[in-house]
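Q: Numbering (full-length UniProt numbering), first residue to last: 1 to 311. Beta carbons: idealized from backbone N, C-alpha and C, even for Gly.
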Ligand SMILES: [Fe+2]
């Protein structure tokens, strides 16, 4: 089941890995906004959408070095030469400054070393603005609201690099494989022993020789997201992402705002944790948060009564 070293290193920290389930597959052509929200987004369950970005001009263009060199200015940036870590000290220890075009040449060459340009935002004032012309959106998500926490579009260009265990505190995400394939392991948000599990995963305690208790029961899922697909990653679901080979790959994380009712589900550990973190330490939004929470709770109750569709 575990094929690459990175897969072994990251996925095997979860007890009961051998019981991991499969993520439901949906064809983009069979999906519309109503089905997408009612079956997946509103229920906060992941699905892999085959062929979600096949119609994008990016699918044709972004796998070629010539495209990157002609479309994007040759500025200097930091590239990461390890698998990518959550801890900033570890992360920064293995990075080097290169020109963008030099990094592109290296990532797309047939080498065996790990290299990545992690989490670059595509916004109107960035060097990457020309990429917007090649992103054609999703047929099943016609008019999504702006994200509240993340930028709308950020990309990850890599060869052999992974993303360590993390979760998105807010916002919905379509992890879109424009170039290459990746394997993703996800953990349902009903985590066992959530406080200690979150601490373990976020701080990568396995690097200190620690282990999660073997009796903990996780609802875990593994899926291969192939070129042209998008994986819907709900907020609150931990996930780790590994490449399936040493070829160049590009992932676009497309984010949009969660329906309000999901922010009103106060029975959920992660939702309560989010509000605690928004209120303490005291900041300029502290007084506003209880009002937003009350609004979200109202929307949650209306959703439960069938009076709020979420989109
Ligand atoms: Fe993520």
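(1) Which same chain residues end up closer than 6 angstroms to residue 1 when comparing Cβ atoms and leaving out the 5 residues on each side of it in sequence?
(2) Does the contact criterion of 3 or more C-beta pairs under 8 angstroms hold for the region 34-53 versus the region 100-113?
(3) Determine the direct distance from the alpha carbon of residue 125 to that of residue 73, and round the result to whole angstroms.
(4) Out of 256, 86, 163 and 186, point me to the one whose CA is closest to residue 170's CA.
(5) Between which two residues does the alpha helix (DSSP H) holding residue 298 run?
(6) Are the beta-carbon atoms belonging to residue 388 and residue 200 less than 9 angstroms from one another?
(7) Compute the beta-carbon to beta-carbon distance between residue 157 and residue 114, rounded to the nearest angstrom, for a pair I have assumed lies under 8 angstroms.
(8) Identify whether residue 206 lies in helix, strand or coil by the three-state DSSP scheme.
(9) Whole beta strand (DSSP E) runs in the UniProt domain "JmjC" (130-273) with 3 or more residues, listed along the chain?
(10) Around the Cβ of residue 96, are there at least 16 other Cβ atoms within 10 angstroms (buried) or fewer (exposed)?
(11) Hey, how far is the Cα of residue 11 from the Cα of residue 83?
(12) In the DSSP assignment, what residue or residues form a beta bridge with residue 116?
(13) State the DSSP-derived secondary structure class of residue 41, mapped to helix, strand or coil.
(14) Please name the residue in 277, 208 and 58 whose C-alpha comes closest to that of residue 137.
(15) Exposed or buried, which one is residue 242 when buried takes at least 16 other CB atoms within 10 Å?
(16) If I measure Cβ to Cβ from residue 140 and keep anything under 6 angstroms in the same chain, skipping five residues before and after, which residues do I get?
(17) Just curious, the beta strand (DSSP E) that residue 49 is in, first and last residue?
(18) Among 18, 262, 133 and 286, whose alpha-carbon lies nearest the alpha-carbon of residue 67?
(19) If I measure Cβ to Cβ from residue 247 and keep anything under 8 angstroms in the same chain, skipping five residues before and after, which residues do I get?
(20) Does residue 89 pass the burial test, meaning 16 or more other C-beta atoms within 10 Å, or should it be called exposed?
(21) Is residue 233 near ligand 1, judged by its Cβ being under 8 angstroms from some heavy atom?
(22) List the residues that DSSP assigns as beta-bridge partners of residue 95.
(23) Are the beta-carbon atoms belonging to residue 167 and residue 270 less than 9 angstroms from one another?
A: According to the structure data:
(1) Model confidence at residue 1 stands at a pLDDT of 48, short of 50, so the residue's coordinates are unreliable; what they give is reported in the following sentence. Nothing listed; no residue qualifies.
(2) no
(3) 13 angstroms
(4) 256
(5) 289-304
(6) Since the first residue of the chain shown is 1 and the last is 311, residue 388 is not available in this structure.
(7) Actually they are not in contact, since the Cβ atoms of residue 157 and residue 114 sit about 13 angstroms apart, beyond 8 angstroms.
(8) helix
(9) 153-159, 163-166, 172-179, 182-187, 220-225, 230-233, 238-243 and 248-256
(10) exposed
(11) 14 angstroms
(12) 80 and 158
(13) helix
(14) 58
(15) buried
(16) 31, 32, 33 and 36
(17) 47-50
(18) 133
(19) 159 and 180
(20) exposed
(21) yes
(22) 80
(23) yes
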